[in-house]
Each structure stands twice: as C-alpha cells, then as structure tokens.
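One structure is given below, encoded as structure tokens.
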C-alpha cells in the first residue's frame, strides 16, 4: 500500500515536466495537431486550444505532453482511430475525444496506446467511441479521471470502455465508464490496480478480468451492468471495498468468479443483485467482512469450489443466503451474521449456541427445478424448510456455520 | 338494500367475534412491526397472516354467520323483497365488516410502518383475499342445508387452497421437471386465489430473486401492468363466480 501511494504521488507530480511549449489553435502558430507533432522534439509540450479538430488518425510517435485547454474536440468522424500513441513518456490530458471509427478487424479506439510505457491519459472526455481507451503491450501507464461514455445497444457493435491487453503495472484510477460492452477489460494484465472507478450501465460486464494475476481492484462502484462483474482464470486478485449494485437478470451476478485461486474479497458491498457472488471452480479464496444485502441469492457456491473461507460477513434481507448445486462441501463458513438465524445465545457471548444451516431446502429445490420458485413463501414450502432445518436430509449436513453471530457486524 | 346491509353490519359488530378478530390482527401487526428492526421482515410475517389466517377466518365466520341467520333470511323472504337483493345485501354486509376488520387490524399498521409499494400491494391483496373467501363461504353454505357439512366444506376448501394445492403443484413440478412448464405454471396459479395473491406480493418482496431464470417469466407476466390487471381481474372472478353460483342456487332454493 505504501508503495502504491508513493507511485501515485510521484506520477501525479511528474505529469507536467517538459521542455518547450508549442501552441495549436485557430489563431496560433500551428493550425493542426499533426503539423505541430511533425515539428517538435522529444520532451516538448503542445497546448491545444478550443476548437474542433478533424484530423483523421493522429499518431503520436514523439515523447510529448499533449494538453487540451478547455476541452478541444478531437473528432474521428466515425471513420478513424483518433489518437494512436506509439512513443513512451507521453501525456494526453484535457481532450474531448469523440466519434471514433468502427471496425472489428483492428479495433479502433478513442485513444489507443501501442507497445510502450510510461503513458498517462488523464482528465479526458471520451464520447461515442468504439473502444474508449485501449492499451496493448504497455507497462507503467496511468489512466486517470477520464469520463468515458458510449451508447452501445448490441454487444457485437461496441467495444470496451478501458481495454487493457497484455500489459503490466497499469493504474486505472477514478474513471467513469458507461454504455460500453465491458466497462473495464483486463486480459493478461499483471501487477495493476483499478481504483475508485465507477462503471455503470454497460452492456455486458462492469469489469471483465481474465488471466490477469496479482492485480487488485479497490473502492470501485459497479452498478447496473448487463452481467455484473466477471473475474476469471486468475489467481492472486485482491478485491477490496467495492460496491456491486443492481445487477439484475438470470445470468447477472454482482461478482462472477470462475477458476480463481488465492484471492481476497474484503469489505465489499453486494446490494440488490440477482446473485451477489457466483463461484465456480474457485479455491483458496477468503471472503471476509462483506455485506450481502437484498440480493436474490447472497452467494451461489457451486460444488466445484474448495477451500474457500467465508468469514465475518453480514447476510441481510437476501431471498436465499446461499445456494449450491451439489452435496459436496469443501468450504468453511464461520462467524457470519445471518438475519435468518433463529437460534439463541444462552451464554451471552454474542455467538449463537446452535449452528446455522445457511442452505435452505427450497434453495436446493429451486436450483434443481427452477419453476418451483413459483411456490416460494407458500405455507407448504415454509413447512418443508422448517423440517429440513431441524433434520437435514436433502441438504448437505456439513453446510454449516458453527459460530453464527447474534448481531450484525458493524461494517 | 342499504338498510339490510346496515342491519347486518351492526349485527356482526354486536357479535364481538369480528371485534376479537380485529384485535388479534392488530396485536399481531403492531407487534410484528415493532419487534422486527426492518419492516421487510415484518411484512413477511404479515404475508403468512394474509395467506392463512385471513382466508380461514373469512370463510369460517361467514359460513357460520349465514347458517345462523337462516331464520333472519326467512323473515326477510316473507317481505316483498327480491331474493337476489337479500343475498347481495348479506354478501355486502359480511364482506364490509370483515374488510373493515382487516383494514383496522392490519391496514393501519402497514400504512404507518411500511407505506411502500409492497405494503400497498399487501393491503390490496388482503382486501381481495377477504372478499374471495366470503364468496367461497356463500357457495359452501348454499351447497348443503346441514350446518356441520357446510362448515366442513368451507374448511376443506380453505385447506385445499392454503396447503394441498401447493403440495400438488410441487408434485406436478417434480414429475414434469424435464418439460418446459414455466409458462403453464403461470396459468396454474390462476386456479388458486391464495397463490395468485402470494405471487403478486412476492414480485415486490423478492424482486432481486425474481429477476432470475424462471422468476423472469413470472416477472414478465405479473410484473407488467397488464399482468397485474389480469391477476386482479382473475381475483375478481374468484369473487364473482362463487357468489354468482350461490346466488343462482339461492334463487331456486326451496327454503
């Protein structure tokens, strides 16, 4: 954490240290960004003043600080990739980048960074682009405080907001992404951090995360995305203090985990999702001090998961706290607060004296036979559930929290 | 007609059973809301009250009341009043007093503690359920002259709708698990007013879960305004058809 803060401080101050300053604008020396780029030397600054710049594809192949004053508009006329960054040590800040081209062959982006390092993309507005910000084979890059909006309707016809591929040591900080396919997309990205972003109303995932080891995402908000957040085929991921909200639909999950191992899920809030967390083939994950509130299913833990620890979480007002698809239980539950717990605490140690079975019979029935949802909360079903709680026969009897809390944790 | 209704309502109020019913409902509702820290849990308990107690009391009390007022009905029949008018006034009188009891007992706490759309739906559904089971009571009491038999039929009907029907549905569900029966299930609920009421409330109470796989099918139907209108229309049919059958029987009955 200390190193992280140090990096943040250093990068935010070094953003603006360059040699000569050139000006681009209607009544300035240079009329177009391209002409300025052709003349300058490495390490110079270009200030771009207000106006609409329709220059096709602008390729940045010199180390330059490209700074927009009052958000000059870079327009791709729905034909071109707008900014292509191919040199290291570059800053792009303060632009309004809009209407990039559309092509599934070469994936044009609003701002695309190729095979380089130390690039900062800060404080831009990206509007109606195919891909918003696209980084490939990059390292030590910063994407900060950008607002990225698009208006995709179909998954196939829109790219991702922030797309990172085969990169290392990226920082994605304080961006707002909406209306893209995936808000933030990580594939083969390592040692990176995603911090304080808001990703909402994207067509597929708020955050899509694959083969990206040793990353952390902290204090982000993922809201109302088509399918929530997916973290797949990855190990050593840290997910702290995020909010997963209102991801509704049959295949929508607050957080979808597939083939994840050795990771931490701490202090997150899962609120009003169809499923808070869906786990498939995950192992050695610690889920601690999270809040699961008003979800359809708090957690769906498939039988393919093992050695996960679910400790000290609050489960409040979920229709079903937990569900699973088999009878094999290789995960442990301890010291959680379940609002459906009906036990007592005679020795007043604030821990319930009888264990809690978080898996209700009906959640098992619904898992096997979804139309049975129709009978939920009918007297018949309540009766079945109660008798199952006393004598588990269909539900695995080792699916148990031995130390359920009497009062909710203050999280 | 109004005078007969007024007379019946006053008679029922004097009867005290309805007063006790009101009292029990209100004790239940108030305690449920003041004991639970979140109102959703309170509403859940009330859901069971609405789905079990309200229909039971409505159907049993109404059946017994109709049998007990047979002499009063005979007296009215000797007057120059139409038979249908007498039967209608009896129905209005009974349902008005039970609705009033439900509103005072449960409605006021709901309005105070949970004036959300779930609460409103619950209140509305409670009104409908009360009236449906008053209508069913009219049907069961006209079917036979024997009081014990009539009350038996009423209780059996309640048992069927509150318990057995769901058991049967669960059985059917498991037998036909391999077939796409989701849409059919929506149709089946129309045959049980209690199920219909429960699902209407469920769609507001467990909205997140209902967005899931089959939930979505129910949501697509019952969640739309057209679906809600259809559902309430079916509940209305559940009031009108049993009462209408009983009315025809009453008109032809040799008393």
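Protein chains in written order, with our numbering: chain U, 13 to 423; chain Y, 145 to 399.
Cβ atoms here follow ideal geometry from the backbone N, Cα and C, with glycine treated the same way.
Here the structure is a predicted model, which is why all the values come from computation and not from measurement.
* Exposed or buried, which one is residue 398 of chain Y when buried takes at least 16 other CB atoms within 10 Å? -> For the purposes of this step, residue 398 of chain Y is taken as the residue at position 254 of the second chain. Counting Cβ neighbours within 10 Å, residue 398 of chain Y comes out exposed, since fewer than 16 surround it.
* Taking only the alpha-carbon atoms, compute the straight-line gap between residue 120 of chain U and residue 206 of chain U and give it to the nearest angstrom. => Looking up residue 120 of chain U in the first chain gives position 108. Looking up residue 206 of chain U in the first chain gives position 194. Between the alpha carbons of residue 120 of chain U and residue 206 of chain U lies a gap of roughly 23 Å.
* **Cβ pair residue 194 of chain U, residue 226 of chain U closer than 8 Å** => In the first chain, residue 194 of chain U corresponds to position 182, counting from 1. In the first chain, residue 226 of chain U corresponds to position 214, counting from 1. Not a contact, by the Cβ cut-off of 8 Å.
* **Minimum Cβ-Cβ distance from residue 381 of chain U to chain Y less than 8 Å** => Position 369 of the first chain, counting from 1, holds the residue named residue 381 of chain U. Interface residue, yes.
* What is the rounded straight-line gap between the Cα of residue 183 of chain U and the Cα of residue 365 of chain Y? -> The residue you call residue 183 of chain U lines up with position 171 of the first chain. The residue you call residue 365 of chain Y lines up with position 221 of the second chain. About 45 Å.
* For the stretch 339 to 397 of chain U, which segments carrying the beta strand (DSSP E) assignment without a break, of at least 3 residues, lie completely within its bounds, in sequence order? -> You should have 344 to 346.
* Can we say the stretch 370 to 388 of chain U touches the stretch 333 to 344 of chain U, given the rule of at least three CB pairs closer than 8 Å? -> yes
* Starting from residue 163 of chain Y, trace the alpha helix (DSSP H) both ways and give me its first and last residue. => Position 19 of the second chain holds residue 163 of chain Y. Start and end: 161 to 179.
* residue 32 of chain U to residue 55 of chain U span [Cα, whole Å] -> As a working note, residue 32 of chain U is residue 20 in the first chain. As a working note, residue 55 of chain U is residue 43 in the first chain. Roughly 7 Å separates the two Cα atoms.
* Should residue 159 of chain Y be flagged as near chain U, meaning a C-beta pair shorter than 8 Å? -> Locating residue 159 of chain Y in the second chain gives position 15, counting from the first residue. Not closer than 8 Å to any Cβ of chain U, the Cβ of residue 159 of chain Y fails to qualify, so no.
* Assuming residue 94 of chain U and residue 112 of chain U make a contact with CB atoms under 8 Å, what is their CB distance in whole Å? -> The residue labelled residue 94 of chain U in the question sits at position 82 within the first chain. The residue labelled residue 112 of chain U in the question sits at position 100 within the first chain. Indeed, because the Cβ distance is near 5 Å, the residues count as touching under 8 Å.
* Asked: Which residues in chain Y sit within 8 Å of residue 392 of chain U, going by Cβ to Cβ distance?
  -> Position 380 of the first chain holds residue 392 of chain U. By Cβ distance, chain Y contributes 307, 310, 311 and 314.
* N- and C-terminal bounds of the beta strand (DSSP E) containing residue 240 of chain U -> Numbered from 1 along the first chain, position 228 holds the residue referred to as residue 240 of chain U. It spans 240 to 247 - the beta strand (DSSP E) in which residue 240 of chain U sits, taken as one unbroken run.
* Asked: Once you ignore the five residues that flank residue 346 of chain U on each side, which residues in its own chain have a CB closer than 6 Å to its CB?
  -> Residue 346 of chain U sits at position 334 when you count from the first residue of the first chain. These residues qualify, in order along the chain: 323 and 415.
* Curious, which full-length alpha helix (DSSP H) runs of at least 4 residues does the stretch 182 to 263 of chain U contain? -> none
* Secondary structure, alpha helix (DSSP H): runs of 4+ residues fully inside the stretch 246 to 315 of chain Y -> For the stretch 246 to 315 of chain Y, whole alpha helix (DSSP H) runs of length 4 or above, ordered along the chain, are 252 to 257, 261 to 287 and 291 to 303.
* Does the beta carbon of residue 258 of chain Y sit closer than 8 Å to a beta carbon anywhere in chain U? -> As a first step, residue 258 of chain Y is located in the second chain; it is residue number 114 there, counting from the start. Chain U contact via Cβ: absent.
* **Cβ contact check for the stretch 306 to 321 of chain Y and the stretch 386 to 397 of chain U: 3 or more pairs under 8 Å** => yes
* To do: Report the partner residues of residue 332 of chain U according to the DSSP bridge assignment.
  => Translated into the one-based positions of the first chain, residue 332 of chain U becomes position 320. Per DSSP, U:309.
* To do: Following the continuous alpha helix (DSSP H) through residue 46 of chain U, name the residue where it begins and the one where it ends.
  => Within the first chain, residue 46 of chain U is the residue found at index 34, counting from 1. Element bounds for residue 46 of chain U: 45 to 51.
* Where does the unbroken alpha helix (DSSP H) through residue 108 of chain U begin, and where does it stop? -> Against the first chain, residue 108 of chain U aligns to sequence position 96. Segment 108 to 110 is the beta strand (DSSP E) holding residue 108 of chain U; no alpha helix (DSSP H) there.
* Closest residue to residue 281 of chain U among U:328, U:245 and U:242 (Cα-Cα distance) -> On the first chain, residue 281 of chain U is found 269 positions in, with the first residue counted as 1. Of U:328, U:245 and U:242, the residue nearest in Cα terms is U:328.
* Residues of chain U with CB under 8 Å from residue 329 of chain Y, in chain order? -> Along the second chain, one-based indexing puts residue 329 of chain Y at 185. By Cβ distance, chain U contributes 383 and 386.
* To do: Starting from residue 211 of chain Y, trace the alpha helix (DSSP H) both ways and give me its first and last residue.
  => In the second chain, the residue the question calls residue 211 of chain Y occupies position 67. First-last of the alpha helix (DSSP H) with residue 211 of chain Y: 198 to 212.
* To do: Output the distance between the C-alpha atoms of residue 179 of chain U and residue 101 of chain U, rounded to the nearest integer angstrom.
  => In the first chain, residue 179 of chain U corresponds to position 167, counting from 1. In the first chain, residue 101 of chain U corresponds to position 89, counting from 1. Residue 179 of chain U and residue 101 of chain U: Cα-Cα distance of roughly 16 Å.
* Which partner residues does residue 291 of chain U have in the DSSP bridge list? -> Here residue 291 of chain U corresponds to residue number 279 of the first chain, with the count starting at 1. Partner(s): U:269 and U:313.
* Asked: Does residue 346 of chain Y come within less than 8 Å of chain U when only Cβ atoms are used?
  -> The sequence position of residue 346 of chain Y within the second chain is 202, counting from 1. Output row for residue 346 of chain Y: interface = yes.
* **residue 67 of chain U (DSSP reduced to helix, strand or coil)** => On the first chain, residue 67 of chain U is found 55 positions in, with the first residue counted as 1. Correct three-state label for residue 67 of chain U: coil.
* Alpha carbon of residue 265 of chain Y to alpha carbon of residue 272 of chain Y, nearest angstrom -> The count along the second chain starts at 1 and reaches residue 265 of chain Y at position 121. The count along the second chain starts at 1 and reaches residue 272 of chain Y at position 128. The alpha-carbon atoms of residue 265 of chain Y and residue 272 of chain Y are separated by roughly 11 Å.
* **Cutoff 8 Å: residue 338 of chain U Cβ touching any chain Y Cβ** => In the first chain, residue 338 of chain U corresponds to position 326, counting from 1. For residue 338 of chain U, the answer is no, since every Cβ of chain Y falls outside 8 Å of its Cβ.
* Between the Cα of residue 291 of chain Y and those of Y:348, Y:309, Y:213 and Y:373, spot the shortest distance and give me the residue it belongs to. => On the second chain, position 147 is the one that residue 291 of chain Y refers to. The shortest Cα separation from residue 291 of chain Y among Y:348, Y:309, Y:213 and Y:373 belongs to Y:213.
* To which residues of the same chain is residue 42 of chain U closer than 6 Å at the C-beta, ignoring the five residues directly before and after it? -> In the first chain, counting from the first residue as 1, residue 42 of chain U sits at position 30. Within the same chain, residue 42 of chain U has close Cβ partners 36 and 48.
* To do: Please state whether DSSP places residue 125 of chain U in a helix, a strand or coil.
  => As a first step, residue 125 of chain U is located in the first chain; it is residue number 113 there, counting from the start. The answer is strand: DSSP assigns residue 125 of chain U an E or B state.
* What do you get for residue 82 of chain U, buried or exposed, if any count of 16 or more other CB atoms within 10 angstroms of its CB means buried? -> Numbered from its first residue, the first chain carries residue 82 of chain U at position 70. Residue 82 of chain U should be labelled exposed.
* From U:220, U:168, U:203 and U:202, residue whose alpha carbon lies closest to that of residue 189 of chain U -> Against the first chain, residue 189 of chain U aligns to sequence position 177. It is U:220 whose Cα lies nearest to the Cα of residue 189 of chain U.
* Asked: Roughly how many angstroms lie between the CA atoms of residue 302 of chain Y and residue 235 of chain Y, to the nearest whole one?
  -> Counting from one through the second chain, the residue named residue 302 of chain Y turns up at place 158. Counting from one through the second chain, the residue named residue 235 of chain Y turns up at place 91. Roughly 19 Å separates the two Cα atoms.
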